[in-house]
Amino acid sequence: MTLLNPASLPRNPAISFISGGDRTIRRRLFLSRVFAWACRTATYASLAVLVVLLAAIIWSSIGRLAFDFVSNTNSSDPTKAGILAGIWGSFWLILFTALFSVPVGVGSAVYLEEIARDNFFVRVIKTNLSNLAGVPSIVYGILGYTVFRSSAAVLKVWFDGQHAFNIMGLFRIRLLKLPIYEDNILVGALTLTLVVLPTVIAAAQEALRSVPSSIRMASLALGATRWQTIWRQVIPAALPGISTGVILSTSRVVGEAAPLIMLGALTITTMVPGNIDSPLKLITRPMQVLHAPLDQFTAMPIEIYDWSRQTDSQFTAVAASGIIVLLMVLLTINAAAMIVRHYASRRLKW
Amino acid sequence: MKSKRRLFVNFTMAIVSALFSGCTVENIGPPTTDTDPAVPAMTFGSGEVSRIQIDGSSTVKMITAAIGEEFEAKFSDVKIALKVTGTGTGFKEMIAGRIDIANASRSIKESEKTDCAKNGIELVELIVALDGLTVCVNKENDWVDAVTTAQLNMIWESGSTVQTWNDVDASWPAVPITLYGPGEESGTFDFFTEVINGKEDAIREDYSPSADDNVTVTGVSGEKGGMGFFGCAYYFANQDKVKALRISPTDSVTNAVAPTPETVKAGKYKPLARPLFIYVKKSSLARQEVQDFVRFYLNGGQKQVSAVGYVDISDEQLKASRDALEAAIE
Amino acid sequence: MTPVKLPAWASRRVSRRHEKLIQAALLLCAALSVLTTAAIILVLLTNAVYAPGAKMAFFERVSMWDFLTGLHWKPVDGEAGRFGIIPLLCGTMMVAVIASLVSVPAGLGAAIYMSEYAAPREREFLKPVLEVLAGIPSVVFGFFALKFITPWILKPLFSTIGLNLQIFNTLSAGIVVGIMVTPLIASLSEDVIRSVPRSLREAAFALGSTRFDVSVRIVVPAALSGILAAFLLAFSRAVGETMAVTIAGGQQAIATLNPLQGAQTMTGFMVHASTGDSSADSISRMSVYAVGIALFAMTLTINILSGWILRRYREVYQ
């Protein structure tokens, strides 16, 4: 078969751009190379921006980043201001958000993946979840303010030591005096749970989907009920994926400021919940530990926001140091997720 | 048998829901030792930690924050929860009974007084410092050093059409004016609009409001034609970024006065000199930590007033405040 | 043949009721998401549109027409209050448009590069970089915009041109939101581009196409619905972005299209309002709900549109 000369082919307009001739080919090859470079620049520009961002932040934090930054609370003196209150606030928030969102999220994912039949209601739930994932977090802040904070305000009134629980007019139990604040950690954690729930559910669903159906079939064939299959076979098999996804989703909690500001966490930036300001006190002061979730709080991104607005230029260094601490925490959490995934998936071999 | 079990379940559910529907929570007043068993007060472990809730003006906040920090350093089991939402909102919080002390850069309005009385809140008004409200422009603004109140009114009044400095005075260049200032919840805002524009809340619409005076300072310092107003402590803290204008209440600028501690104390800085207040909830004064804190505010803490950049009140005024406090504690 | 030995746990008798109970509990968990959406809609509607009881909702005091077309936004009580959302809308749109101008070329370029051009090891290196960029919280970007982009990049640039750049401006906010949103476009577009079958590309190469021809004339049109959906999702994310625009974008609520000025966005207003005014019944607090409902409606519409485009115009290959 002889090779066809492209120049001798009939001039079909649809193909002519391909087989144009020598000059056209050179031009097109040049264009292709330019395009390749444009795309490469676009990609490496993102890398460059990341590097510039980190360098700029590290550079501006010089002057404040020291150990006492992590052990002091906020102060109007920039040389003394520290992020301790933010660290503890974020700690309690992550703890309770995980506590609330993991059971609900994994439970929902299990239901949607394993149990639900494909009827109208289930489809509504699934569409709903994908819509909720796209809702800006500040809307959840509005919801949290209206529902959770108002409930906390009501509970605050009930638990002031002067109210009693009246059962049918027969018994009366005086309610304890609990120092409940309206803008407390639990309210913040509930709001943040709503923010991260769609992501947790999506991650858990992915993990459950990755379990081969042969495991389920085998379990059912051996006479296990559906729930036994799920609880004893599927979930343990999906555990690495679930834990990685859950850890990564709850790490978003560390960076969320907008919903917390709507709840009123902004302006008090020196409050360490329960006054527990060192890990030792977690063990030695159980009463204070019980109070912490009901206490006012601040969080790391909120303190950074506050410092960015200050006019004293020394606060720039403080804000940058805060950002570095925040990024370190995020890095640690993500590294933990990677380690979990690595070690847990080693045990599973399909 | 299935039906019996179902009957039993339904029966218990009915009882439980009846119980829940008949339950209420009611206010029965403080515990008395003879009728109620000793209520175990849940304390913060070995040392009960007390909180003082303070809210209000961003102007006064600088003093309260500085004094609060010194106080916390002395008394480690007291924590000051300091919010800054504006004088107006501070009063609203006080009316709702949520805070112990309200920072205020203006005196309380009659309507706010009646609202407090309606809710059974008694307040103690204490003058704590003097302020010379400062009008500032950008550092690069070299054409104006002093303004009259009439010129300020022209720039800031509601419906003002002034867009450039040239519109105010033909000898000034046509640099666009960008205006920054506190929002309508701020006592500084109330004071400025009343004194300069003649009516409270009357201000042009296109200025950049912020409850945080830091944002105002940043705005003015970043904009050649910028102009803003805030308490003098914010000026003294940012002298490297903004320039203060001398103010003249008359038609000419020859006798315009600059805001300095001396001119404010002597009453020469007109009309923008004003007292700064804190309003303390009387029932909170029953708590030892609040007593200690307010006493400290008027005694050892007073040195923070000038350290922060405001002006000390005269000795008579200070004595009057202290007397009012002691009278309220009884 | 010996009978199969059941594992110990399988011989426990589990009642059907037990199973049903657990399924009901899990269904409750899943239904919580529906409850959340219902709660959001309920809360926004009762405070903005119609409030039962003595409280007056926002739209009972301010007409919808004034709200949607008014050019002044000054949410105070009394005579001076103006409730036109156009200024906030201008701010939000400016930020979102600038963010799109930044993120679409960068994100799409990155997606095309990573799927068409990059060596596998390069991909392994670049993907985590984009994920790191996506994971950085927005307060960090807001700080970066205010303290670095505006004073060190934009101010010198614009003063040599001779234009006046304010210290709070929507340009820096938009740029930074664009950076935040680029990884989203990049990863979503890349997924769609990779799903275009290799046979299409190979056919084009066989006919003598260059890599440019393949990418731009074959692959992108084939993946267009997905790319469009990704762009819409990124746009909605930019609309909902809060912290970066609050720090860098300013608080002046004026209807302007000048990106060199500060302009308050819808989200910026909500943050500002919640730190300044907490009185429950006042019109200024109610206005937060009104803006909230507008924001929710906007993002929901864009997200639904994005999903619809993805499903309707998706190219199906056997």
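Chains as they are written, first to last, in this note's numbering: chain A, 1 to 350; chain B, 1001 to 1330; chain C, 2001 to 2318.
For each residue, glycine too, the CB sits at the ideal point set by N, CA and C.
Collapsed DSSP secondary structure at residue i in the structure displayed
i, result
"I1177/B", "coil"
"N275/A", "helix"
"S2011/C", "Low per-residue confidence applies at S2011/C: pLDDT is 49, beneath 50, and the placement is therefore not dependable, though the value from the model is reported in the following sentence. In this structure, S2011/C counts as helix in the three-state DSSP scheme."
"A1170/B", "coil"
"Y145/A", "helix"
"W231/A", "helix"
"Y1279/B", "strand"
"F1020/B", "helix"
"W1143/B", "coil"
"A164/A", "strand"
"K1241/B", "coil"
"N1153/B", "helix"
"N184/A", "strand"
"R1287/B", "coil"
"K1270/B", "coil"
"L171/A", "With the sequence shown as reference, residue 171/A is identified as Phe, and Leu is not the correct amino acid for it. DSSP places F171/A in strand when its eight states are reduced to three."
"W2308/C", "helix"
"F159/A", "coil"
"K2074/C", "strand"
"Q296/A", "strand"
"T2299/C", "helix"
"T1148/B", "strand"
"K80/A", "coil"
"I323/A", "helix"
"K177/A", "strand"
Cross-chain neighbours of residue i in chain B, by beta carbon under 9 angstroms
i, result
"T2160/C", "By Cβ distance, chain B contributes nothing, its closest Cβ being about 15 angstroms from T2160/C, past 9 angstroms."
Proximal residues of chain A, C-beta to C-beta of residue i below 8 angstroms
i, result
"V1025/B", "W158, H163, A164, F165, N166, L175"
"M2114/C", "T43"
Chain-ordered chain A contacts of residue i [CB-CB under 7 angstroms]
i, result
"N2169/C", "What N2169/C touches in chain A: nothing, since even the nearest Cβ is about 15 angstroms away."
"N1238/B", "T311"
"T1218/B", "T311"
"N1214/B", "R309, Q310, T311"
Neighbour list for residue i in chain A, Cβ cutoff strictly below 9 angstroms
i, result
"S2236/C", "G134, P136"
Residue i: contacting residues in chain B (beta-carbon distance under 8 angstroms)
i, result
"S76/A", "M1062, A1065, A1066, E1069"
"Q228/A", "Residues of chain B passing the Cβ test: none, with the nearest at roughly 23 angstroms."
Beta-bridge pairing of residue i - partner residues as DSSP gives them
i, result
"T1134/B", "F1230/B"
"N1054/B", "Contrary to the premise, residue 1054/B reads as Ile rather than Asn in this sequence. Beta-bridge pairing links I1054/B to L1082/B, I1101/B."
"T1164/B", "P1176/B"
"I1127/B", "F1277/B"
"E1026/B", "A164/A"
"I961/B", "Beyond the ends of chain B as shown, which are 1001 and 1330, falls residue 961/B; an answer cannot be given."
"P1209/B", "G1181/B"
"R2082/C", "K2074/C"
Interface partners of residue i on chain C, CB under 9 angstroms
i, result
"G1056/B", "The premise fails here: G1056/B is roughly 12 angstroms from chain C at the closest Cβ pair, so nothing lies under 9 angstroms."
Partners in chain C for residue i, counting only beta-carbon separations shorter than 8 angstroms
i, result
"S1111/B", "Those within 8 angstroms of S1111/B in chain C number zero; the least Cβ separation is about 12 angstroms."
"Y111/A", "Q2023, L2026, L2027, C2029, A2030"
"V104/A", "C2029, L2032"
"N128/A", "S2033, V2034, T2037"
"V124/A", "V2034"
Touching or not, the segment 337–345 of chain A and the segment 94–108 of chain A, by the rule of three or more beta carbon pairs under 8 angstroms?
no
Residues within the segment 1175–1197 of chain B neighbouring chain C, beta-carbon criterion of under 8 angstroms:
From the segment 1175–1197 of chain B, only P1176, T1178, G1183, E1184, E1185 have a Cβ closer than 8 angstroms to chain C.
Quick one, which residues of the segment 2235–2259 of chain C are near chain B if we go by CB-CB under 9 angstroms, in chain order?
G2250, Q2251, Q2252, A2253, I2254
For the segment 2092–2114 of chain C, list every residue whose C-beta sits within 7 angstroms of some C-beta in chain A, in sequence order.
P2105, A2106, G2109, A2110, I2112, Y2113, M2114
Chain B contacts from the segment 290–304 of chain A (Cβ-Cβ distance under 7 angstroms):
H291, Q296
Check whether the segment 2151–2163 of chain C and the segment 2210–2229 of chain C touch, using three or more Cβ-Cβ pairs below 8 angstroms as the test.
Contact between the segment 2151–2163 of chain C and the segment 2210–2229 of chain C is absent, because fewer than three Cβ pairs lie under 8 angstroms.
So if I threshold CB-CB distances at 7 angstroms, which residues from the segment 2064–2076 of chain C count as touching chain B?
Hits within the stretch, in order: H2072, K2074, V2076.
Below 8 angstroms, how does it come out for the segment 2137–2146 of chain C and the segment 2242–2251 of chain C: are there three or more Cβ pairs, yes or no?
Segments in contact, yes.
Taking a cut of 8 angstroms between CB atoms, which residues from the segment 2198–2221 of chain C lie near chain A?
L2207, G2208, S2209, T2210, R2211, F2212, D2213, S2215, V2216
Going along the chain, which residues of the segment 2297–2316 of chain C sit with their C-beta nearer than 9 angstroms to a C-beta in chain A?
T2299, L2300, I2302, N2303, I2304, S2306, G2307
Under 9 angstroms (Cβ pairs) to chain C, residues found in the segment 29–42 of chain A
L29, L31, S32, R33, V34, F35, A36, A38, C39, R40, T41, A42
Using a Cβ cut-off of 7 angstroms, which residues of the segment 248–260 of chain A contact any Cβ in chain C, in chain order?
G255, A257, A258
Tell me which residues of the segment 1103–1134 of chain B have at least one Cβ-Cβ distance to chain A shorter than 8 angstroms, keeping chain order.
none
Chain B contacts from the segment 2162–2195 of chain C (Cβ-Cβ distance under 8 angstroms):
N2164, Q2166, I2167, F2168
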